[in-house]
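Trainee: 72 is the number that my numbering gives to position 70 of the sequence shown; each next residue is one higher, with no gaps. Submitted below is the structure of interest, expressed as structure tokens.
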Amino acid sequence: SLVEVRPHTGRKHQVRQHMGHALNAPLVGDPLYRKGKPARTPPPAAPLLGGVKPGSVMFLHAAALELDHPVTGQRLELSDPLPAAFDGLLAALRKE
């Protein structure tokens with residue numbers, strides 16, 4: 003499933019830990035928060051990884067971030083498109 007999460011703090015591993023341990027729905031490729039389940043990459047994603055070993059890529063992406071600049075205090079709004087492998091995986095899974 004594709005999910006959108008909105009963390010309230012910048013705690014390290016917050017999204018990964020809550021998805022994997024609290025909800026028992028670990029992120030694709032997450033080797034740490036899996037409750038003993040092996041990290042794996044769905045077969046449709048393997049050709050999209052550009053030679054990276056399947057199972058070593060975690061499908062977690064921050065599409066947008068908002069934060070205050072540490073010096074000026076100015077509000078910064080940053081965004082980034084999905085990586086090609088992530089976008090390709092979603093397209094392949096939607097076809098199944």
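Heads up, the beta-carbon is just placed ideally off N, CA and C, and yes, glycines get one too.
Going by DSSP, which residues form a beta bridge with Glu68?
Mentor: Answer is Glu79.
Trainee: What's the call for Ala47, buried or exposed, on a 16-neighbour Cβ count within 10 Å?
Mentor: Buried, because 16 or more other Cβ atoms sit within 10 Å of the Cβ of Ala47.
Trainee: Suppose contacts are defined by Cβ-Cβ distances below 8 Å. Is Leu92 in contact with Leu4 by that definition?
Mentor: Their beta carbons are under 8 Å apart, which means Leu92 touches Leu4 by this criterion.
Trainee: Secondary structure at Ala27, three-state DSSP: helix, strand or coil?
Mentor: Coil.
Trainee: Taking 7 Å as the line, does the beta carbon of Gly52 fall inside it for any heavy atom of the ligand PLP?
Mentor: By its list of ligands, the structure shown contains no ligand whatsoever, and the ligand PLP lies outside what it can speak to.
Trainee: Anyone know if the C-beta pair for Ala87 and Leu51 falls short of 8 Å?
Mentor: Taking 8 Å as the Cβ cut-off, Ala87 and Leu51 qualify as a contacting pair.
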